[in-house]
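Please read the structure below before turning to the comments.
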Amino acid sequence: MNSIALVTGGSRGLGKNMAFHLAKKGNDIVLTYLNNREKAEETVVEIKSMGRKAVALQLDVSKISTYDAFIATLQTTLKTEFGADKFNHLINNAGIGIHATFMETTEEQFDTLMNIHLKSAFFLSQKALPMMADGGSIVNVSSGLARFTLPGYDAYAAMKGGVETLTKYQAKTLGPRGIRVNVLAPGAIETDFGGGAVRDNAEINSFVASQTALGRVGLPDDIGSVAAFLCSDDAKWVNGQRIEASGGMFL
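In this note's numbering, the protein residues as written are 182 to 432.
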């Protein structure tokens, strides 16, 4: 039976690239999207052109109360579209960026980031576990900002720090089922994340490149391949680890 990967936020940006690389490694794909169904379906078409099966499902990861309904839809989708009752890999990727200093961050902003980044990694993994095959993997997406600091990312980075600690506990808890859990921490990447600042602002782009050992800003393709690696047999002995893909930022 084919391996199946579920990628949250897989319709654009890093998630889309992860889905492509997972498909290239022989995985069929279930990707989630928030609002833009058309963009999600375009991604599905591209994955199918690689010879893999793919489906897009709507999910707002910030709304934990909707997870039971999502899991029910996923279960039906696996049976009807893939002829399966289990999936193998979960990539908790969906996220947003809120730029606000420590003193300016509101409780609403804090709670939004917590729901999307930390609670989703906890509870979506929890809800999905009965449908995950033994010997599979979970990849939680963190950020280089959990290691180094930049002004205005206080709350965002705090959530990613929580994700990194959660990953170790998940790896320990799920070890008996052979499910590996790792953290992928990207550096600054040229995407539309955070309004596309790294991609579109020449000053920010230049600053990041100057602080990166390899002398440039990251691209989605620098991250998607690492996510696919972590879900592959090539990484079968990598567990409970934080893998930073930042080109060597702030070394």
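Note that beta-carbon positions come from the ideal geometry of N, C-alpha and C, so glycine has one too.
Given the structure is predicted, the values throughout are model-derived calculations rather than measurements.
- Excluding residues up to 5 positions away in sequence, Asn269, His270 and Ile360 lie with their Cβ nearer than 7 angstroms to the Cβ of Gly317 in the same chain.
- Contact check for Val344 against Asn274 fails: the beta carbons are separated by 9 angstroms or more.
- In the DSSP assignment, Thr258 falls within the unbroken alpha helix (DSSP H) covering Tyr248 to Thr258.
- With a cutoff of 9 angstroms on beta-carbon distance, Lys353 and Gly421 are scored as near each other.
- Shown here, Glu425 sits in a strand according to DSSP, grouped into three states.
- Distance from the CA of Lys244 to the CA of Phe304, rounded to the nearest whole angstrom, comes to 10 angstroms.
- Contact check for Gly196 against Val242 fails: the beta carbons are separated by 9 angstroms or more.
- Taking Arg218 as reference, the option from Gly396, Leu238, Lys206 and Ile228 with the minimal CA-CA separation is Leu238.
- Under the DSSP assignment, Ala237 falls in the beta strand (DSSP E) whose first and last residues are Ala235 to Gln239.
- Between the beta-carbon of Leu294 and that of Ala336 there is about 5 angstroms, and that keeps the pair under the 8 angstroms contact cut.
- In the DSSP assignment, Tyr334 is bridged to Ala281.
- Val226 places its beta carbon 9 angstroms or farther from that of Phe263.
- Each of Ile370, Asp415 and Leu203 was checked against the Cα of Val398, and the nearest Cα belongs to Ile370.
- Nearest neighbour of Ile385 by Cα position, chosen from Pro332, Lys205 and Ile210, turns out to be Pro332.
- Counting along the chain, the unbroken beta strand (DSSP E) around Pro367 starts and ends at Arg361 to Pro367.
- Spatial neighbours of Gly194 in its own chain (CB-CB distance under 7 angstroms, excluding positions within 5 residues in sequence) are listed in chain order as Thr372, Asp373, Phe374 and Pro401.
- Residue pairing of Tyr214 in beta bridges, as defined by DSSP: Gln239.
- Of all alpha-carbon atoms in Tyr334, Glu289, Ala309 and Thr346, the one lying nearest the alpha-carbon of Leu365 is that of Thr346.
- Distance between Phe291 and Leu240, taken at the CA atoms: about 21 angstroms.
- Taking the CA atoms as reference points, Ala416 sits about 33 angstroms from Ser246.
- When the beta-carbon positions are compared, Ile272 and Ile297 stay at least 9 angstroms from each other.
- Using a Cβ distance threshold of 9 angstroms, Lys267 and Met313 count as a contacting pair.
- Contact annotation, Ala408 with Met199: C-beta distance approximately 4 angstroms; criterion of less than 8 angstroms satisfied.
- Per DSSP, Phe388 is one residue of the alpha helix (DSSP H) stretching across Ala383 to Ser391.
- By the criterion of a C-beta distance shorter than 7 angstroms, Gln351 is surrounded in its chain by Ser306, Ile319 and Val362, once the five residues flanking it on both sides are discounted.
- A buried status is given to Arg233, since no fewer than 16 other beta-carbon atoms sit within 10 Å of its beta-carbon.
- Under the three-state reduction of DSSP, Ser406 is assigned to helix.
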